[in-house]
Structures are given as structure tokens and as C-alpha cells.
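In the numbering used here, the protein residues as written are 454 to 492.
For glycine and all other residues, C-beta sits at the position ideal for the given N, C-alpha and C.
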């Protein structure tokens, strides 16, 4: 039962990461642009 729960949790986490990774990448690009703009 624990093994099944662990796999289920890993699958949900993987799905969340795949869902939000593009947004995080866009945020990082915006941040780097802002930093370069300041210097």
C-alpha cells in the first residue's frame, strides 16, 4: 500500500512540475532581463 501511495504522489508531483515548469522558465527569463536592465 505504501509503495502504491508513493508512486501516486510521485506521479502527481511530476504532473505539477510539468504544468508549471514553462511558467517558472518565463519568470526566470523576466528576472534575468530585469537584472540586466538595471546594470
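Rounded to the nearest angstrom, what separates residue i and residue j at their Cα positions?
{"i": "residue 475", "j": "residue 469", "result": "11 Å"}
{"i": "residue 490", "j": "residue 459", "result": "44 Å"}
{"i": "residue 487", "j": "residue 465", "result": "33 Å"}
{"i": "residue 477", "j": "residue 457", "result": "29 Å"}
{"i": "residue 485", "j": "residue 471", "result": "22 Å"}
{"i": "residue 483", "j": "residue 473", "result": "15 Å"}
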